[in-house]
Amino acid sequence: MQAWALPSESVSTGRRPGAGGWLLLAPMIGWLTIFVAAPMGFLLVYSFCGRDDLGRVVYSFTGENYARILDPIYLRILGRSAAYAALSTLLCLVIGFPAAWFIARSPERRKERLLVLLMIPFWTSFLIRTYAWIAILKSEGLLNGLLEWAHVITAPLDILYTPVAVVIGLVYAYLPFMMLPIYGSAEKLDPSLIEAAHDLGAGPTRVFLEVILPLTRPGIGAGVLLVFVPALGMFAITDLMGGARVPMIGNVIQNQFVKARNAPFGAALGVVFTLLFVVVYTWVLRRGARKSAGGGP
Amino acid sequence: MVELRGVSKSFGSIAAVTPTDLAVRAGEFMTLLGPSGCGKTTLLRLISGFEQPDEGSVHLDGRDVTRLPPNRRDVNQVFQSYALFPHMNVRENVGFGLRMQRTAHSEAAARVKEVIELMGLGGCEDRRPERLSGGQRQRVALARAIVTRPSVLLLDEPLSALDAKLREQMQAELKGLQRRLGITFILVTHDQGEALAMSDRIAVLNLGRIEQIGSPAEIYGSPATDFVAGFVGESNRLVAERIDDGTGLPRVRVADLVEIELAAHQWPFGLSQAVISVRPERLRLAKERPAEAGAIEIRIRERTFHGAFERVRMESGSGVVLLATVPSGALEGFECAVGTLAWCVLRPESITVPVSYAAAGPAP
Chain A
2 MQAWALPSES VSTGRRPGAG GWLLLAPMIG WLTIFVAAPM GFLLVYSFCG
52 RDDLGRVVYS FTGENYARIL DPIYLRILGR SAAYAALSTL LCLVIGFPAA
102 WFIARSPERR KERLLVLLMI PFWTSFLIRT YAWIAILKSE GLLNGLLEWA
152 HVITAPLDIL YTPVAVVIGL VYAYLPFMML PIYGSAEKLD PSLIEAAHDL
202 GAGPTRVFLE VILPLTRPGI GAGVLLVFVP ALGMFAITDL MGGARVPMIG
252 NVIQNQFVKA RNAPFGAALG VVFTLLFVVV YTWVLRRGAR KSAGGGP
Chain B
103 MVELRGVSKS FGSIAAVTPT DLAVRAGEFM TLLGPSGCGK TTLLRLISGF
153 EQPDEGSVHL DGRDVTRLPP NRRDVNQVFQ SYALFPHMNV RENVGFGLRM
203 QRTAHSEAAA RVKEVIELMG LGGCEDRRPE RLSGGQRQRV ALARAIVTRP
253 SVLLLDEPLS ALDAKLREQM QAELKGLQRR LGITFILVTH DQGEALAMSD
303 RIAVLNLGRI EQIGSPAEIY GSPATDFVAG FVGESNRLVA ERIDDGTGLP
353 RVRVADLVEI ELAAHQWPFG LSQAVISVRP ERLRLAKERP AEAGAIEIRI
403 RERTFHGAFE RVRMESGSGV VLLATVPSGA LEGFECAVGT LAWCVLRPES
453 ITVPVSYAAA GPAP
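Just so you know, the protein sequences line up as chains A and B, in that order. Heads up: the first sequence begins at 2 in this note's numbering, then just goes up one per residue. Heads up: the second sequence begins at 103 in this note's numbering, then just goes up one per residue.
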């Protein structure tokens, strides 16, 4: 969750943590070493290994796993995953920004209530909520029932197990992750800045483009990362709501480990995928840093 | 120039501004002075367009602008917090208004440069607001507001965030700037010193209505109401009752201490009793009983030194407390240590009789 600390907000004091600081950090560093750094290391090693006919890892150096990724099949899946993740991110932004803005501008009491509402989905298991969506979207489900009852449609719509269902699921799952950082930025925005822009001759559109958008950019950046990155790798929603008919990169990796028993190839996909994240992440960070330090034209 | 006609504004059940008329002349430096919650900021926001009046109308240059949004009023505001855009440098902040008006690039650049020079901000053009001092931010806020040459500039407590020394310097600069630009300034403040130092006229507000409008000298010298007398400067407020038969000059007895004859215009017609106001610097102290009328024997209770002047708190035999301020050194001539007896002279011309609202009726 590094994405919260975008550069315009983090002020480095330039001091290294002292002995007490290391002590406070020790549990986290230990945890990350055992459960993040070490598995990543295994993954990296695996990705250069081969496999025998039973699917066991053979420790001999080979680059063929990486070569296989360039197969158009996988590139197409990767492209599709990126497209779905991007579309879901865009929808989250379009739906989430106005709502987050509204919450941030609300009076204190209403703000608290709305934030609680935003948190309520987290009280239930993610899988249960996904199954609830299946109940809503399936051909004899709630949505089709309602539309037929209202005579909007005559035959049930095929939504479940289509890309549409996948995007609905992704947007639903990640909307709060878009809204919370935007809310954070919007709440910090001094309302007198909006008044000042208005006073100096800016109409509503210009106020939005010149003041609100640039000043909520850190929140938008964080939200985009928090939605796009996990959406790209998501396999549960695509499995359950897409019916595995539209495999995404997350499903492919999962399958290599579980069904195809080709851990080295799965590892290679994982490594490439992780590097891709790092590239996107640094790109967004750099962009944010340039925008907030550069000073425009 | 700027005219408010019968404007009122309530927030929920709270009346921020009761029906009020206010006319500000072109090129005038008008200050709205009052305690917090008196409605002065609401009045300002009615002029800028951030609030709409419940009743009444707002006129600029003779045009009714009551329903116009702030971006379509020829009025700019300097905000209390300055409200500088943190994502823009000084040059971009100052040029914002011109950009919104789609002024040609070359002209805009020239005007921004000119105003930056005028405000003494040369060399800071590329800095972001967070890298400016409080005084520089204040100047950027001013520059940003005047660069579009509005006919009216509204200033909402613009100096309250500065330290005392800088505030005094900025008072003089603001006044000078206003004179040079010829723009109408409307300033909101709760600081009476600021109001007295800068304004052509002051409107003193209390509880959503204007108590008095006048020049600083008028406001200070002859407060129209009890509230003004108490809020602007310090004053001794004493009960006085008329004791003559009402045919000749008014003769009053002040605080059961002393009888004084006033000029006819000083005492409101038909009043039998009032709370009078006497500024502390208008009380004269003497060691021996003076020959003039209005002398009261008092005991010195406290003396505090304030550099240029001294404050003397004293008490009459009957327990009435009076406050006098005297220039430093003025008391060197006679023995008046704390606890000693002395004389204090209440001269007729130092007395003003502010009316309270009960007696005066609605504001003029």
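Note that CB positions come from ideal geometry on N, CA and C, so glycine has one too. All figures in this text were calculated on a predicted structure; none of them were measured in a lab.
What are the residues of the segment 175-187 of chain B that lie near chain A, defined by any Cβ-Cβ distance shorter than 7 Å?
Flagged, chain order: N178, Q179, F181, S183, A185 and F187.
Within 10 angstroms of the Cβ of I78(A), are there 16 or more other Cβ atoms? Answer buried if so, exposed if not.
Counting Cβ neighbours within 10 Å, I78(A) comes out buried, since at least 16 surround it.
Given a cut-off of 9 Å, decide if L276(B) and F287(B) are closer than it, judged by their beta-carbon atoms.
Against a cut-off of 9 Å, the Cβ pair of L276(B) and F287(B) comes out as a contact.
Starting from S150(B), find everything on chain A with Cβ-Cβ shorter than 7 Å and list it in chain order.
Residues of chain A whose Cβ lies closer than 7 Å to the Cβ of S150(B) are, in chain order, D200.
Flag this pair as touching only if the segment 114-122 of chain A and the segment 245-258 of chain A have three or more C-beta atom pairs under 8 Å; answer yes or no.
With a cut-off of 8 Å, the segment 245-258 of chain A and the segment 114-122 of chain A do not count as touching, because too few Cβ pairs lie within range.
In three-state terms, what does DSSP make of N195(B)?
The three-state secondary structure of N195(B), taken from DSSP, is helix.
State yes or no: is the beta carbon of S193(A) nearer than 9 Å to at least one beta carbon in chain B?
So, interface residue.
Which chain E residues sit within Cβ distance under 7 Å of M202(B)?
No chain E is present in this structure, whose protein chains are A and B.
Just by C-beta distance, which residues in the segment 111-138 of chain B are closer than 9 Å to chain A?
Residues: none.
Could you name the residues of chain A that N308(B) contacts, counting a contact when the two beta carbons are closer than 8 Å?
One finds nothing in chain A with a Cβ atom closer than 8 Å to the Cβ of N308(B); even the nearest lies about 26 Å away.
Taking the Cβ atom as the reference point for each residue, do V45(B) and A395(B) lie within a distance shorter than 9 Å?
Chain B is shown from 103 up to 466; residue 45(B) falls before or after that span and cannot be answered.
Just grab the DSSP bridge partners of A397(B) for me.
DSSP lists V447(B) as the bridge partner or partners of A397(B).
Which same chain residues, not among the five before or five after M183(B), have their C-beta less than 8 Å away from its C-beta?
Residue 183(B) is actually Ser in this sequence, not Met. Cβ-Cβ distances below 8 Å link S183(B) to A263 in the same chain, with the five nearest sequence neighbours on each side left out; the list follows chain order.
With H, G and I counted as helix, E and B as strand and the rest as coil, what does DSSP make of L424(B)?
DSSP places L424(B) in strand when its eight states are reduced to three.
Tell me the residue span of the beta strand (DSSP E) that contains D240(A).
Here D240(A) belongs to no beta strand (DSSP E); instead the alpha helix (DSSP H) covers A237 to G243.
On a Cα-Cα basis, can you pick out the residue from E343(B), G348(B) and L364(B) that is closest to R355(B)?
Per the Cα distances, E343(B).
Note down, in chain order, each residue of its chain lying with its Cβ closer than 7 Å to the Cβ of G224(B), except the 5 sequence neighbours on either side.
Short of 7 Å from the beta carbon of G224(B), and not among the five residues preceding or following it, lie these beta carbons of its own chain, in chain order: I218.
Opening and closing residue of the beta strand (DSSP E) in which F287(B) lies:
Its beta strand (DSSP E) spans residues T286 to T291.
Looking at the structure shown, is L214(A) part of a helix, part of a strand, or coil, going by DSSP?
L214(A): helix per DSSP, three-state reduction.
Selection from G295(B), E194(B) and L351(B) that minimises the alpha carbon distance to L364(B):
When G295(B), E194(B) and L351(B) are compared, the shortest CA-CA separation from L364(B) is found for L351(B).
9 Å Cβ cutoff, P464(B) in contact with chain A:
Confidence in P464(B) is poor, its pLDDT being 41 and thus under 50, which makes the residue's placement too unreliable to answer from.
CB-CB under 6 Å to P121(B), same chain, minus the five flanking residues each way: which ones, in chain order?
In its chain, beyond the 5 residues on either side, G108 and S110 have a beta carbon closer than 6 Å to the beta carbon of P121(B).
Identify which residue in L128(A), L115(A) and I30(A) has its Cα closest to the Cα of F236(A).
Check the Cα spacing between F236(A) and each of L128(A), L115(A) and I30(A): the tightest is with L128(A).
Taking T90(A) as the reference, give the member of K260(A), F49(A) and F229(A) with the closest Cα.
Selection K260(A), F49(A) and F229(A) evaluated against T90(A) yields F229(A) as nearest (Cα-Cα).
What is the residue span of the alpha helix (DSSP H) that A39(A) lies within?
From DSSP, the alpha helix (DSSP H) with A39(A) extends over A39 to S48.
Establish whether the CB of E211(A) and some CB of chain B are separated by less than 9 Å.
Yes - at least one Cβ of chain B is within 9 Å of the one on E211(A).
Can you give the Cα-Cα distance for L425(B) and L289(B), rounded to whole angstroms?
When the Cα atoms are used, L425(B) and L289(B) turn out to be separated by approximately 31 Å.
H161(B) - containing beta strand (DSSP E), residue span
Annotation: the continuous beta strand (DSSP E) that includes H161(B) extends over E157 to L162.
If contact is defined by three or more beta carbon pairs under 8 Å, each pair taking one atom from either stretch, is the segment 366-384 of chain B in contact with the segment 321-341 of chain B?
Counting Cβ pairs under 8 Å, three or more are found: they touch.
Nearest chain B C-beta to E196(A) closer than 9 Å, yes or no?
By this cut-off, E196(A) is an interface position.
Please report how far the alpha carbon of Q3(A) lies from the alpha carbon of V167(B), in whole angstroms.
Legend: pLDDT at Q3(A) = 39, less than 50; position of this residue unreliable, value from coordinates given subsequently. Q3(A) and V167(B): Cα-Cα distance of roughly 50 Å.
Report the rounded CA-to-CA distance for Q203(B) versus R251(B), giving the unit in angstroms.
Cα to Cα, the separation comes out at about 12 Å.
Local conformation of N66(A) per DSSP, three classes:
If DSSP states are grouped into helix, strand and coil, N66(A) belongs with the helices.
Roughly how many angstroms separate the alpha carbons of G22(A) and F178(A), rounded to a whole number?
Distance between G22(A) and F178(A), taken at the CA atoms: about 30 Å.
Checking 9 Å against the spacing of the C-beta atoms, do D328(B) and V422(B) come in under that value?
Annotated as distal: D328(B) and V422(B), with beta-carbon spacing of 9 Å or more.
Could you check whether the Cβ of G170(A) sits closer than 9 Å to any Cβ belonging to chain B?
Using beta-carbon distances, G170(A) does not count as an interface residue toward chain B, since no partner is under 9 Å.
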